[in-house]
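A quick write-up on the structure given underneath.
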Amino acid sequence: MALKQKTVWFCTSCGNESIKWMGRCPACGEWNTMVEEKVATGKSGDSRRGISVPGSSHRPMPLSDIDTTQDSRISLNNAEVDRILGGGLVEGSLVLIGGEPGIGKSTLSLQIPLHCKSLRTLYVTGEESVKQVKLRAVRLGGDDSNCLIYSETLMENILEEAKKIMPDLMIVDSVQTVYTQTMESSAGSVSQIKECASMLLRFAKETGVPVILIGHITKEGSIAGPKVLEHIVDVVLQFEGDNKGAYRLLRSIKNRFGSTSELAVFEMTGKGLREVSNPSEMLIPMHEDGLSGVAVSAMLDGTRPFLIEVQSLVSSAAYGTPQRSATGFDVRRLNMLLAVLEKRAGFRLGVKDVFLNMAGGLRVSDPACDLAVICAVLSSNFDFAIPSNVCFAGEVGLSGEIRPVSQTDRRIMEAQRLGFRKIYISSFGSPDNVPDGIEAVKVSDVPALCRSLFSK
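Okay, here's the thing in structure tokens:
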């Protein structure tokens, strides 16, 4: 039967299909996300390519008979990327890397083949010319003898060349620029992204060649295209951080072959992204002792502990209405902590300006930073310097109690490894075994903390 064309409406947020336009998607509830596209219906040899299951020609077999000993991981010669992938790149996997423009997606994807010359890599560029890629490769340095650059956006041509070359790794930059002739919509549309991702998935599973996709993000911060794209791929990694800052965080959002609690830290330099194997040494104080308004927090991002400096400045309100400003920290949580200090501990901070900053340009969401925040605020308010060998790890409740946080023992070990001699933690549910060289001071509430820390 010949193919027919019909018009449908797709939700750009979740990929839900509708026969008519609706202001609100019935599947995900988002407003004004429906876009109109033409799709082909009817039977054809290639019409069901996008929804075919990889390896569907195999026969059913018992789960106990499946051999997984032959599955090996490919090292990318980058300790941070290998760790966040769960030990390396799995053969036949499909990895999606997303992030804001200019944050380092293309830089990282090009650094991988340049610093891993043992991998024969096919780098498909749909956004830049081969000369632009060459200029970036010269700036990044490395060995480019085993990296093949292919400037193409038609998916059929990309797969044809990939099957001829049979590389060890294929990188597509970006998935929003490629298109297939089986769909009449433009590149970057919902149907094109879904179809191209399905074709790349089938190629990866049938040949065993791992594929890395570079994806754009929307103004809301989510990966552009239908939500089904994140369901198709095996691994989703997302870059975080400020373009004006030096540090970049690569976070694992989805990983079928490892943990999603991993975090990789990079520093953007003139020669590309540099691995930060020990971020604590770069985020702890870099100034002389005796400065008030500074406290160090032993935080945990995923399963990785590191210490970060919390800076605060408290001054008299010059314009009548006190200001509350926080960089890298939720300003609403800051207001809550200030209300706890005023209500439960009796500190009059309602008539003063309070400014808070997390060193390094990082954004912190760990509740264990609450204790360091109130200590930094009180230190600035009293103009009392907290000793540089003291750090904090605890959550502050609305009644002023210091609540325990997860994996306190790992935070204590990280602080002890970096030379800290004292750490303030909650007295509820705290570990009994503390390593030698560091003292764990257990406090139950904010008044007890103030008596222990600020009283002489």
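When the sequence shown is numbered by full-length UniProt numbering, its final residue is 456 and no position is left out of the sequence of numbers. Note that beta-carbon positions come from the ideal geometry of N, C-alpha and C, so glycine has one too.
Could you give the distance in angstroms between the alpha-carbon of residue 469 and the alpha-carbon of Pro-226?
Residue 469 lies beyond the stretch modelled for the chain, which goes from 1 to 456, so this question has no answer here.
Could you check the C-alpha separation between residue 463 and Ile-374 for me, to the nearest Å?
Here the chain covers residues 1 to 456 and nothing more, so residue 463 does not appear.
Hey, Trp-9 and Ser-18: beta-carbon distance below 9 angstroms or not?
On the sequence shown, residue 9 is found 9 positions in, with the first residue counted as 1. On the sequence shown, residue 18 is found 18 positions in, with the first residue counted as 1. Cβ distance < 9 angstroms, so Trp-9 and Ser-18 count as in contact.
Can you tell me which residues form a DSSP beta bridge with Arg-120?
Here the question's residue 120 lines up with position 120 in the sequence shown. According to DSSP, which records beta bridges pairwise, Arg-120 is partnered with nothing at all.
Starting from Asn-77, follow its DSSP beta bridges and name the residues at the other end.
Indexing the sequence shown from 1 puts residue 77 at position 77. Its beta-bridge partners do not exist; DSSP assigns none.
Using only the alpha-carbon positions, how far apart do Ser-261 and Asp-301 sit?
The residue labelled residue 261 in the question sits at position 261 within the sequence shown. The residue labelled residue 301 in the question sits at position 301 within the sequence shown. Near 8 angstroms, if we compare the C-alpha coordinates of Asp-301 and Ser-261.
Can you say whether Asn-78 is buried or exposed, counting buried as having 16 or more other CB atoms within 10 angstroms of its CB?
Taking the sequence shown and counting its residues from 1, one reaches residue 78 at position 78. The residue in question, Asn-78, is buried, as its Cβ has 16 or more Cβ neighbours within 10 Å.
Measure the C-alpha to C-alpha separation of Lys-163 and Asn-157 and round it to an integer number of angstroms.
Mapped onto the sequence shown, residue 163 falls at position 163. Mapped onto the sequence shown, residue 157 falls at position 157. Whole-angstrom Cα-Cα distance: 10 angstroms.
From what residue to what residue does the beta strand (DSSP E) around residue 462 run?
This structure does not reach residue 462, given that the chain is present from 1 up to 456, and the question cannot be answered.
Under 9 angstroms, do residue 503 and Leu-378 count as touching if we go by C-beta distance?
Examination of residue 503 is not possible in this model, given that the chain is present from 1 through 456 alone.
Name the two residues that bound the continuous beta strand (DSSP E) containing residue 500.
Residue coverage of the chain in this structure runs from 1 to 456, which leaves residue 500 outside it and unanswerable.
Quick one: which unbroken beta strand (DSSP E) runs of 3-plus residues sit fully inside the stretch 371 to 449? Chain order, please.
DSSP runs (the beta strand (DSSP E)) wholly in the stretch 371 to 449: 390 to 392, 422 to 426, 439 to 443.
In chain order, what residues of the same chain lie with their CB nearer than 6 angstroms to the CB of Ile-74, ignoring the 5 residues before and after it?
Taking the first residue of the sequence shown as position 1, residue 74 is located at position 74. Closer than 6 angstroms at the Cβ level, and outside the excluded window around Ile-74, lie Gly-88, Leu-89.
Just the Cα atoms here: how many angstroms apart are Thr-12 and Leu-362?
On the sequence shown, position 12 is the one that residue 12 refers to. On the sequence shown, position 362 is the one that residue 362 refers to. Going from the Cα of Thr-12 to the Cα of Leu-362 covers about 30 angstroms.
Among Ile-438, Gly-126, Val-228, which has the Cα closest to the Cα of Arg-417?
Here the question's residue 417 lines up with position 417 in the sequence shown. Checking every option, the nearest Cα to that of Arg-417 belongs to Ile-438.
With respect to the beta strand (DSSP E) encompassing Cys-196, which residues constitute its N-terminal and C-terminal limits?
Here residue 196 is taken as the residue at index 196 of the sequence shown, counted from 1. Not the beta strand (DSSP E): Cys-196 falls in the alpha helix (DSSP H), residues 190 to 207.
Output the boundary residues of the alpha helix (DSSP H) element that contains Asn-357.
The count along the sequence shown starts at 1 and reaches residue 357 at position 357. Where Asn-357 is concerned, there is no enclosing alpha helix (DSSP H), although the beta strand (DSSP E) it sits in stretches over 352 to 358.
Just curious, the alpha helix (DSSP H) that Ile-232 is in, first and last residue?
As a position in the sequence shown, residue 232 is number 232, starting the count at 1. Unbroken alpha helix (DSSP H) run through Ile-232: 228 to 232.
Please check the pair Ser-297 and Ile-308, which I expect to be a contact at CB under 8 angstroms, by giving their CB distance rounded to whole angstroms.
Residue numbering aside, residue 297 sits at position 297 when the sequence shown is read from its first letter. Residue numbering aside, residue 308 sits at position 308 when the sequence shown is read from its first letter. Confirmed, about 6 angstroms.
The alpha helix (DSSP H) spanning Leu-108 covers which residue range?
Residue 108 sits at position 108 when you count from the first residue of the sequence shown. 105 to 114 is the extent of the alpha helix (DSSP H) around Leu-108.
Taking the DSSP output, what are the residues bridged to Tyr-179?
For the purposes of this step, residue 179 is taken as the residue at position 179 of the sequence shown. Answer is Leu-154.
Going by C-alpha distance, which of Gly-346, Leu-76, Lys-105, His-216 is nearest Thr-121?
As a first step, residue 121 must be located in the sequence shown, where it is residue number 121. Looking at the Cα atoms, Leu-76 is the closest of the given residues.
Quick check: Met-183 and Ser-174, are their CB atoms within less than 9 angstroms of each other?
Within the sequence shown, residue 183 is the residue found at index 183, counting from 1. Within the sequence shown, residue 174 is the residue found at index 174, counting from 1. For Met-183 and Ser-174, no; Cβs fall outside 9 angstroms.
Is His-115 closer than 9 angstroms to Gly-142 when the C-beta atoms are compared?
As a first step, residue 142 is located in the sequence shown; it is residue number 142 there, counting from the start. As a first step, residue 115 is located in the sequence shown; it is residue number 115 there, counting from the start. Against a cut-off of 9 angstroms, the Cβ pair of His-115 and Gly-142 comes out as a contact.
Smallest Cα separation from Leu-356: which of Arg-139, Ile-112, Val-294?
Indexing the sequence shown from 1 puts residue 356 at position 356. Taking only the C-alpha atoms, the option nearest Leu-356 is Val-294.
Thinking C-alpha only, which one of Gly-328, Val-351, Glu-275, Leu-313 is nearest Thr-321?
Residue numbering aside, residue 321 sits at position 321 when the sequence shown is read from its first letter. With distances taken between Cα atoms, Thr-321 lies closest to Val-351.
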